[in-house]
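Engineer:
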Amino acid sequence: MAKQAPQSDPAQDAPRVSPPHRAAAGLPAIAHTLRMAGAQMSPARTLATLTKVNQPKGFDCPGCAWPEPGKTHTAEFCENGAKAVAEEATERRITADFFATHPVADLATRSGYWLGQQGRLTQPMLLDEGATHYVPVSWDRAFAIVAEELGQLDTPDGAAFYTSGRTSNEAAFAYQLFARQLGTNNLPDCSNMCHESSGSALTETLGVGKGSVHLKDLYQADLIIVAGQNPGTNHPRMLSALERAKRAGAKVVSVNPLPEAGLERFKNPQNARGLIGGGTKLTDLFLQIRLGGDLALFRALNRILLTTEGAVDHGFIAEHTLGFEEFAAEAKTTDRAEVEAATGLPYEQIEELSRLVLASEKIIVCWAMGLTQHKHAVPTIREVVNFLLLRGNVGRPGAGVCPVRGHSNVQGDRTMGIFERPTQAFLDALGKEFDFEPPRHHGLDSVDTIRAMRDGRVKVFFAMGGNFVAATPDTEVTEAAMRRCRLTVHVSTKLNRSHVVTGARALILPTLGRTDKDRTAGGDQFVSVEDSMGMVHSSRGGLRPPSPELLSEVAIVCRLARAALGPQNPVPWEEFAADYDTVRERIARVVPGFEDFNTRVRRPGGFALPHGPRDSRTFPTATGKANFTVNPMTAPEVPAGRLLLQTLRSHDQYNTTVYGLDDRYRGITGGRRVVLVNPADAAELGLTEGGYVDLVSEWQDGVERRAPHFKVVHYPVARGGAAAYYPETNVLVPLDSTADISNTPTSKAVVIRFEADTAPDGAALRV
Numbered sequence: 001m002a003k004q005a006p007q008s009d010p011a012q013d014a015p016r017v018s019p020p021h022r023a024a025a026g027l028p029a030i031a032h033t034l035r036m037a038g039a040q041m042s043p044a045r046t047l048a049t050l051t052k053v054n055q056p057k058g059f060d061c062p063g064c065a066w067p068e069p070g071k072t073h074t075a076e077f078c079e080n081g082a083k084a085v086a087e088e089a090t091e092r093r094i095t096a097d098f099f100a101t102h103p104v105a106d107l108a109t110r111s112g113y114w115l116g117q118q119g120r121l122t123q124p125m126l127l128d129e130g131a132t133h134y135v136p137v138s139w140d141r142a143f144a145i146v147a148e149e150l151g152q153l154d155t156p157d158g159a160a161f162y163t164s165g166r167t168s169n170e171a172a173f174a175y176q177l178f179a180r181q182l183g184t185n186n187l188p189d190c191s192n193m194c195h196e197s198s199g200s201a202l203t204e205t206l207g208v209g210k211g212s213v214h215l216k217d218l219y220q221a222d223l224i225i226v227a228g229q230n231p232g233t234n235h236p237r238m239l240s241a242l243e244r245a246k247r248a249g250a251k252v253v254s255v256n257p258l259p260e261a262g263l264e265r266f267k268n269p270q271n272a273r274g275l276i277g278g279g280t281k282l283t284d285l286f287l288q289i290r291l292g293g294d295l296a297l298f299r300a301l302n303r304i305l306l307t308t309e310g311a312v313d314h315g316f317i318a319e320h321t322l323g324f325e326e327f328a329a330e331a332k333t334t335d336r337a338e339v340e341a342a343t344g345l346p347y348e349q350i351e352e353l354s355r356l357v358l359a360s361e362k363i364i365v366c367w368a369m370g371l372t373q374h375k376h377a378v379p380t381i382r383e384v385v386n387f388l389l390l391r392g393n394v395g396r397p398g399a400g401v402c403p404v405r406g407h408s409n410v411q412g413d414r415t416m417g418i419f420e421r422p423t424q425a426f427l428d429a430l431g432k433e434f435d436f437e438p439p440r441h442h443g444l445d446s447v448d449t450i451r452a453m454r455d456g457r458v459k460v461f462f463a464m465g466g467n468f469v470a471a472t473p474d475t476e477v478t479e480a481a482m483r484r485c486r487l488t489v490h491v492s493t494k495l496n497r498s499h500v501v502t503g504a505r506a507l508i509l510p511t512l513g514r515t516d517k518d519r520t521a522g523g524d525q526f527v528s529v530e531d532s533m534g535m536v537h538s539s540r541g542g543l544r545p546p547s548p549e550l551l552s553e554v555a556i557v558c559r560l561a562r563a564a565l566g567p568q569n570p571v572p573w574e575e576f577a578a579d580y581d582t583v584r585e586r587i588a589r590v591v592p593g594f595e596d597f598n599t600r601v602r603r604p605g606g607f608a609l610p611h612g613p614r615d616s617r618t619f620p621t622a623t624g625k626a627n628f629t630v631n632p633m634t635a636p637e638v639p640a641g642r643l644l645l646q647t648l649r650s651h652d653q654y655n656t657t658v659y660g661l662d663d664r665y666r667g668i669t670g671g672r673r674v675v676l677v678n679p680a681d682a683a684e685l686g687l688t689e690g691g692y693v694d695l696v697s698e699w700q701d702g703v704e705r706r707a708p709h710f711k712v713v714h715y716p717v718a719r720g721g722a723a724a725y726y727p728e729t730n731v732l733v734p735l736d737s738t739a740d741i742s743n744t745p746t747s748k749a750v751v752i753r754f755e756a757d758t759a760p761d762g763a764a765l766r767v
């Protein structure tokens, strides 16, 4: 019997608050996993599905991109990975009757949590111009509608093709090929909103915009610095790697504005120590840094290293780097008082960290969006690279840069060419393989796509997965921009907010998920993904699809391409849709590192992509060397009476997908509209614990951006900062407030003030 979806919308419920936890995982995580899975699936389906997650002959978790170990456990998943699987493998279904019952205007009043809980989409749906309801549409008609709208554009650049990180390598390659055959490089993706700053900084300094470590390097490291990251919620399997590193003798330093339970203590559910013992203390030193203070911290560390005899690896620097003298001259001017003001840390704590650094030969720095979503994000990450280069900690086992990316295969999508600014070498190889001239001008990233829709320059928006409206900044501006389109199209497994904020016409195209068996005319198919550390491996679903009408992402792209480009287009789209080996053969000839793709991806564990800095200390930068950079120290300016807000996830959430209304580790249950404020800041601002306020952001354009009805929670946040969940607070992030160079929204640096609650009954609040 199919599971029933909730009909009421509990997302408006008032949150309850208790003290935050001091440890992560353990028996409570197991109990919560089983409870969440049981709400979506039968016990037999739960067992059959979860035992295949991240297994060599199973499917890749649709959650985060943390790599698989060489030897997998029977239960090779974390609590949040199990939630992601349960949401996709759910037995709940959305049929045409659902859309007949609910007009779009009604769905638009529902929370994102409620929409996602309704279940899997089962057939293509069309919202025609002037219509009030989505209605069923055939696949052929759906593709014809997209082709018609594309054909009416004045230029191919009037369309934008967005990609979420869950898209497979094969689908992503076909998708970017279609866009470029059409004539545009408008290929925005979710990287633009999270790790674009990492890619920009690493490409400039090391020549490769990816991490330089493998999982085994963490086990060999002497010191691991985890900055601006909460692995206990966002990458829980990383805690197992940190635990193993600790057992091997590594020290772990956490740098974050909030204490996070997962980095304090980890109760590994895979062993007795975690289940019935006290678990493992992970963090040796916690630096509770002010928001935006990481650049100053690494500047201070670099100054200490430069002025300590024997601390710098001059041999490595002379052989492999450029720009050292200019960097060193600037770093030595770093002022202690400015560092303390920017970081909020006593200088003695920074000196304590420096002693750990000096005692360590092999150092890894891991980071996530706590570093990437600031105006000065790229300089911050460049300074991290400076820190590692000083002691030769790139291209050495147990050392290197480790940007920990979110969505499974967000890195692989970029490798496959999902990029609005492709290299000339990639376009040359693509054009040669398919005998056409790809467009050479740069396309639009995610922020620029919103601007182009707002200004009427992009009229067709096509999304391969994701929830663009909820993932992007400046919600009211984004929604108004989306509504200016002629056509919006979303390839999705489940319903979300983006489906109810539409252009004049809208299509929902339901697709297979990672857990679903993919059978074509060519037989059973599998896809491939790239993890956060550059390992490529296969993924093969085993569940019967929720509906016989579903198509795979590869099939959707290929059938759309044929409809839009016409029968004369020479790309063998039909072959690609029938047999994914044929796609992989073309990838092998276009993308470096994928030679003999079909053979190597079938090996257990897959294969590693080449990485010059890691593999041979060769640096494919513009200079041919690793580049030191000069990064003037800066920190956000916050007027008196204001705080600096960071948006973050709850524990029952993955990106914009909300699995539940709890944030167990932070002690928040039953609701999401909370703002976490340091008690001392709250006292100065007159914010009573448990009271309700509106959050109003302030930016140079003078526009009022308001998020109403947030419960004040006194919480050990670093002074001067506050925290609240997204997507509820994306409305506060100005569209034009972006990181220099990368154009990433500054979602960790929003100046806010507090005003009286304008929605005391919580009415009309959506997630």
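Read in order, the letters of the sequence shown correspond to residues 1 to 767 in UniProt numbering.
Idealized CB from N, CA, C, for every residue including glycine.
#1: Can you tell me which of the three DSSP states residue 48 falls into?
#2: Skipping 5 residues on each side, what residues in its chain have a beta carbon closer than 8 Å to that of residue 560?
#3: What do you reckon, are the CB atoms on residue 25 and residue 267 nearer than 7 Å?
#4: Have a look at 347, 595, 621 and flag the residue whose alpha-carbon is nearest the alpha-carbon of residue 423.
#5: In or out: residue 791 buried (at least 16 other Cβ within 10 Å) or exposed?
#6: Taking only three categories from DSSP, how would you classify residue 156?
#7: State yes or no: is the C-beta of residue 656 within less than 7 Å of the C-beta of residue 467?
#8: At what residues does the alpha helix (DSSP H) containing residue 197 begin and finish?
#9: Report buried or exposed for residue 60, applying the criterion of at least 16 other Cβ atoms within 10 angstroms of its Cβ.
#10: Does the contact criterion of 3 or more C-beta pairs under 8 Å hold for the segment 702 to 718 versus the segment 662 to 674?
#11: State the start and end residues of the unbroken alpha helix (DSSP H) segment that holds residue 560.
#12: Could you give the C-beta distance for residue 772 and residue 660, rounded to a whole number, given that I count them as a contact under 8 Å?
#13: Within this structure, are the beta carbons of residue 665 and residue 63 separated by less than 7 Å?
#14: Among 724, 634, 528, which has the Cα closest to the Cα of residue 166?
#15: Exposed or buried, which one is residue 247 when buried takes at least 16 other CB atoms within 10 Å?
#16: From which residue to which residue does the alpha helix (DSSP H) around residue 408 run?
#17: Could you tell me which residues DSSP puts in a beta bridge with residue 403?
#18: Note the first and the last residue of the continuous beta strand (DSSP E) segment covering residue 697.
#19: Would you kindly work out how many angstroms separate the C-alpha atoms of residue 279 and residue 273, rounded to a whole number?
#20: Whole angstroms are fine: how far does the CA of residue 86 sit from the CA of residue 764?
#21: What span of residues does the beta strand (DSSP E) with residue 134 cover, start to end?
#22: Rounded to whole angstroms, how far is the Cβ of residue 498 from the Cβ of residue 469, which I believe are closer than 8 Å?
#23: Do you know whose CA, among 590, 588, 553, lies nearest residue 573's CA?
#24: Within its chain, find whatever has a CB closer than 6 Å to the CB of residue 209; leave out the 5 residues flanking it on each side and keep chain order.
#25: May I have the straight-line CA-CA distance separating residue 242 from residue 80, to the nearest angstrom?
#26: Which of helix, strand or coil does DSSP assign to residue 762?
#27: Rank 33, 102, 645, 214 by C-alpha distance to the C-alpha of residue 78 and give the top, closest one.
#28: Return the residue from the list 17, 56, 6, 7 that minimises the CA-CA distance to residue 691.
#29: Take residue 735 as the anchor and find which of 589, 448, 464 has the nearest alpha-carbon.
#30: With 16 as the cutoff for other CB atoms within 10 Å, does residue 606 come out buried or exposed?
#31: Check for me: the alpha helix (DSSP H) holding residue 754 runs from which residue to which?
#32: Buried or exposed, going by whether 16 or more other CB atoms sit within 10 Å of the CB of residue 116?
#33: Nearest by alpha-carbon distance to residue 216: which of 108, 182, 396 is it?
#34: Quick one, are the C-beta atoms of residue 292 and residue 343 less than 7 Å apart?
#35: Pull up the distance between the alpha-carbon of residue 407 and that of residue 164, whole angstroms please.
Structural biologist: Short version:
#1: helix
#2: 143, 146, 147, 178
#3: yes
#4: 621
#5: Residue 791 is absent from the model: the chain starts at 1 and stops at 767.
#6: helix
#7: yes
#8: 196 to 205
#9: buried
#10: yes
#11: 553 to 565
#12: What is shown of the chain runs 1 to 767, which leaves residue 772 out entirely.
#13: no
#14: 528
#15: exposed
#16: It is not in any alpha helix (DSSP H) - residue 408 carries neither H nor E in the DSSP assignment.
#17: 367
#18: 692 to 697
#19: 5 Å
#20: Its pLDDT being 46, under 50, residue 764 is placed unreliably in this model, and the value from its coordinates should be taken loosely. Cα to Cα, the separation comes out at about 29 Å.
#21: Neither: residue 134 is in no beta strand (DSSP E) and is coded neither H nor E.
#22: 4 Å
#23: 553
#24: 199, 202, 203
#25: 18 Å
#26: Below a pLDDT of 50, predicted positions are generally treated as unreliable, and residue 762, at 48, falls in that range; the measurement from the model is reported next regardless. Here residue 762 sits in coil by DSSP.
#27: 33
#28: 17
#29: 448
#30: buried
#31: Segment 750 to 756 is the beta strand (DSSP E) holding residue 754; no alpha helix (DSSP H) there.
#32: buried
#33: 396
#34: no
#35: 8 Å
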